[in-house]
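Working notes for the structure below.
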Amino acid sequence: MSQGTRAREDDTTVTPALKLEKTRKTPTLTLAGEALTLDLSGALWLEAHRTLVVSDLHLEKGSAFAARSGQFLPPYDTRETLACLHEVVARFDPACVVALGDSFHDAGGPGRMDEGDRALIAALQEGRDWVWISGNHDRAVQDGVGGRFADTLAVGGLTLRHEPVPGGAPGEVAGHLHPVGKVAMRGRAVRRRCFVGDAGRLVMPAFGAYTGGLNVRSPAFDALFPDGLTAHLLGDGRLFAIGRAMLARD
Amino acid sequence: MSAPSPALPPDFLRWFASRGWQPRRHQLDLLAAAQAGRSALLVAPTGAGKTLAGFLPTLVDLAGRKRSATSGLHTLYISPLKALAVDIARNLEAPVAGLGLPIRIETRTGDTPAHKRSRQIARPPDILLTTPEQLALLIAHREAEAVFAGLRRVVLDELHALVTSKRGDLLSLGLARLHRLAPGLAATGLSATVREPEALLRYLVPRTEAAREADLIVAAGGAKPDLRLLEASRRLPLAGHTAWQAMPAIYDLIRQHRMVLVFVNTRLQAEYTFQELWKLNEDALPIALHHGSLDATQRRRVEAAMAEGRLRAVVCTATLDLGIDWGDVDLVVNVGAPKGASRIMQRIGRANHRMDEPSKAYLVPANRFEILECRAALDAVEEAAQDTPDARLGAPDVLAQHVLGMACAGGFALEDLYDEVRSAAPYADLPYEEFEQVVDFVATGGYALRAYERFAKILRGPDGLWRVRDARTAQQYRMNLGTIIESTTVKVRLARSVRGRPGTILPAGGRVLGEIEEDFAETLTVGDTFLFAGEVLRFEGLHEDEALVTRGPPGTDPAIPSYAGSKFPLSTFLAARVRDLIADPFAWDRLPAQVSDYLLQQRRRSILPGPRDLLVETFPRAKRHYLTCFPFEGRLAHQTLGMLLTRRLERAGLRPLGFAANDYGLAVFGTRDVAERIGREPGFLDRLFAEDMLGDDLEAWLDESAMMKRTFRQCAVIAGLIERRHPGQRKTGRQVTISTDLIYDVLRKHQPDHLLLRAARQDAATGLLDVRRLGMMLSRIQGRIIHKALDRVSPLSVNVMLEIGRERVYGEGADEILAEAEAALLDEALA
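Protein chains in written order, with the working numbering: chain A, 65 to 314; chain B, 345 to 1175.
This is the structure we're talking about:
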């Protein structure tokens, strides 16, 4: 990415005060007493537990389309997702990786996976704990892909599960909803994947290369965040914390 | 050509005489060519009886047919517009009835009911009128061989308009198949005047039979059009496209004529012009609006009202450029720049559809630069000079669609289909390897990672023929056929507000006003007002896939300006004429004083470039440094140039901040003094504009470009990689659609030489990015760059400077928007 140039391709109405600080520190949140580091990749880093969390990988989504509807999408989404994951893992060197559910797009996913991709997963798992949390797409996947399987996982004061539960315990970290935030102003709109949270919970963005998103202004989020929310949008160069009032509906 | 003996039978001569007509020379020439079994191109101006000429050979042939002769499809007529096909069918009724010919004429369009379609296959009419898409469907039919075996003639109407697009590629492949199914077939092309008809001639006959070339028949020119520049009563601005100054004059013209077509270049100009004319419309003249985004039934109503002579004026876009005579138009007004000589001729021809009487038209420039462009167009029309349609290289995505169709038709052998495809002019130079890649793409996606072998869509049978896998795949082919990718749109529905409860909106029940592009709808927030369907609307939100709106309170100004520039880039031919005009002070006396004064000022304060030169000006203004240049190559090429120049300036440490482009030139601005660098470093400017910017810089930028993603999406739909969304079909939700942007990103990273990426790059070269034209320009200006360092903005530069801040570059600069929204949150926190 070359956000330096991109930034300048726009016209000139940006005031100097809003110029991007390229080396801004990654934002940190506190949830149930735990320090959460939101990474620009869409991963979550729990430094105190040396645990990395990624959600909704949807591996083999491309091949699921070919199998079901004869649409031959480029079959490289698994490789791409794993390459991104590899980059984050190399950066944090976690002791534990948690895949927060819907890691495979469907139960047939592991069976369709290319040998090279299978080897990439094995390499990522080498020397660390690896937990596959079950999601609605991949509940039937219970073995054959290394690691261990769980429905929920407690990490310090946090509860990690795939699908967020309305009124669920403070300290819940979930995925499932693929949150995206949209900002529209001056006749332009930007729609990006985002973390979305309040004082009690966090919903993570989908990490997979072919995953779309659900606008955080959709009703699905209202029940989870009755007292308002902050979305942390994944920009080109950094994350942006944006309040509900500035977020547009689709 | 040598004078062939007129072969019109006596009863035809009598019929002509009964209408008070004489058969025209070109009509007889075309008849002679057809009777000799030769393909021919008829080039004729509007109103020359082109359509009758096209059908005369068929009617004569069928009139002589014995009653007992086996019937079957004799002539296939293909038009770019289904409405035109329907219109022509109606017009043919007169001669057929007048001559008492036992001929069955039918149309086949997307609206034709299924039972009628099946009957047309089982018992084809003598003459079938249809569109390129329907032809593709027909030749992919299992019965295609039987239907077309006896076909004698194919007539391609408005060929000049078809060949420049992917539809032309699709049609060329269909034509190649027809030539094969019906070896005795002769093709007739009907075209408006074009400068170089060779490309069209090549299109008509199979390229593999070099001996058989099509005849060229040129109709004698009709009366010269009466074309004038609408003299502005006051000074025109230096930029802008609304032509607001001219509205009273246009209104006066409407009052003085029976029916006026007011052409504009974009939907938004149409909305604006319509609005302004109604503000002036004290006489309450029936003035209507017609553009592609309006609801179809509303458009039909306008067309019907025109045909019945109930309207005095219609404000319209390119939707009324082609073909159909809806009414007795006695004046055409073209608002804004003409953009191309051929386009303006076509539009002028809409007035007074009789060849021997002059068509009357006014050109209305909206700014001072457009006066130059209008002058150049007037000169071109005076000389009957035309743009040359660029010969196309056949698009691989269209070929992929055709290959799947041929697998549905009953199967093909690889080599046979290759030979057939190469007989189509756009694909004449297709290498065998590329053809194989296309077939591989159709079969399994064409991926290096052979993941989809077991899902293959087409399979090679033991007899060596490739056939479609199953009925579902054939169905998918039929659903996704065609090359016109409508930008995804959402319906605009008038919401009902609840009485007594202001602010409460009922989503259902209101009228649909038309459609707006999804891209545009995405940028709207609740409460925004915008101009559509002739009124100011207030956006109330999206409900499912509809934009709900209410009427804005009277007197509201629309708050959201949509793209206001011109949709068509200035044609190469007209651009050259504008450059010539500027470079030649002796020609200025034909310009209004406000323009010649302006050019004189430019010469005094800076310099006027020669016709082949590139003028580069640099000057400081308000703490910024500007570089402007004037290639006159159209907005698209300039935007691409702007992107590439900013990259290069960035690398040279000159910190560019942005750029703005229009049809004539480009301004780049930044915080560092470019002039100082040019002065200090000899050859800097030459290197900055060196042709090699079309190498790595272009590649690097293209890959990131949002416009490229849009282009990719179109290729992906045409090639069948992703399914077309059909009107009325609900969005099927996030789980079953994947954004093509994501697909593009993944594909270019993992298989950058994939067929569809190559197809998208090929499109970019001529389409949205106009790289080809930029390349021609860069080579033209080698060693001819004139730099003028100024201490302030020159008259010429003002024009492009006024674009700054107005234009938005699709999808770029996302982080600024986000930063601003974030800052708003901070303000909230600190408040």
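Where a beta carbon is used, it is the ideal one built from N, C-alpha and C, also for glycine.
- Between I594/B and V658/B, the beta carbon gap of about 13 Å keeps them out of contact (Cβ cut-off 8 Å).
- For D941/B, the secondary structure class from DSSP, reduced to helix, strand or coil, is helix.
- A residue is called buried when at least 16 other Cβ atoms come within 10 angstroms of its Cβ; H459/B does not meet this threshold and is exposed.
- Across the set E540/B, D807/B, L1065/B, L1118/B, the C-alpha of L1118/B shows the shortest separation from the C-alpha of M987/B.
- Between the alpha carbons of A744/B and S940/B lies a gap of roughly 53 Å.
- Here S535/B is buried: its Cβ has 16 or more other Cβ atoms, across all protein chains shown, within 10 Å.
- Sorting E884/B, L1113/B, F883/B, N1143/B by C-alpha distance to the C-alpha of W1045/B places L1113/B at the top.
- Positions of the alpha helix (DSSP H) runs, each at least 4 residues long and wholly inside the segment 365-390 of chain B, are given as 369-379 in order along the chain.
- Distances from the CA of A96/A to each of G264/A, G277/A, F289/A were compared; the closest alpha carbon is that of G264/A.
- Residue range 1084-1094 is occupied by the alpha helix (DSSP H) that includes K1093/B.
- For the segment 134-166 of chain A, residues whose beta-carbon sits nearer than 7 Å to a beta-carbon of chain B comprise G134, Q135, F136, L137, P138, P139, Y140, D141, R143, E144.
- Per DSSP, the unbroken beta strand (DSSP E) holding S535/B starts and ends at 530-535.
- What V205/A touches in chain B, judged by beta-carbon distance under 7 Å, is nothing: the nearest beta carbon there is about 18 Å away.
- Within the segment 672-723 of chain B, the runs of alpha helix (DSSP H) that reach at least 4 residues and sit entirely inside it are, in chain order, 685-692.
- Residue pairing for H887/B: DSSP places it in a beta bridge opposite E890/B.
- Annotation for G1127/B: D1030 place their beta carbon closer than 8 Å to its own, counting only its chain and skipping 5 residues before and after.
- Of the residues Y421/B, P1026/B, Y970/B, the one whose Cα lies closest to the Cα of F1013/B is Y970/B.
- Taking 9 Å as the cut-off, the Cβ atoms of T275/A and H122/A count as close.
- A check of alpha carbon separations from F289/A across D314/A, A253/A, P234/A, D300/A identifies P234/A as the nearest.
- Where A1104/B is concerned, the enclosing alpha helix (DSSP H) starts and stops at 1099-1110.
- Counting along the chain, T294/A sits inside the beta strand (DSSP E) bounded by residues 294-298.
- Contact of D262/A with chain B is not assigned, every C-beta pair being separated by 9 Å or more.
- DSSP places H969/B in the strand class (E or B) of the three-state scheme.
- The beta carbon of L266/A does not come within 9 Å of any beta carbon belonging to chain B, so the residue lies off that interface.
- Interface annotation, T395/B: not in contact with chain A, CB-CB separation never under 9 Å.
- Non-local C-beta neighbours of V922/B in its own chain, meaning closer than 7 Å and more than five positions away in sequence, comprise L716, E717, A720, F976, ordered along the chain.
- Bounds of the alpha helix (DSSP H) holding D760/B are 758-766.
- With a 10 Å radius around the Cβ and a threshold of 16 neighbouring Cβ atoms, M823/B comes out exposed.
- Taking a Cβ-Cβ threshold of 7 Å, none of the residues of chain A is close to S1141/B; the smallest such distance is about 16 Å.
- The beta-carbon of I306/A is placed less than 9 Å from the nearest beta-carbon of chain B.
- Going by DSSP, W359/B is part of the alpha helix (DSSP H) stretching over 354-362.
- Looking at the DSSP output, C160/A bridges to T115/A, D193/A.
- R999/B is positioned such that its CB atom lies no closer than 9 Å to that of D1041/B.
- With respect to chain B, the C-beta atom of D314/A has a partner C-beta closer than 9 Å.
- Only those residues of the segment 1083-1113 of chain B whose C-beta falls short of 8 Å from the nearest C-beta of chain A are listed: S1083, L1086, I1087, D1089, V1090, L1091, K1093, H1094, Q1095, H1098.
- Going by beta carbons, D141/A and G126/A fall inside the 9 Å limit.
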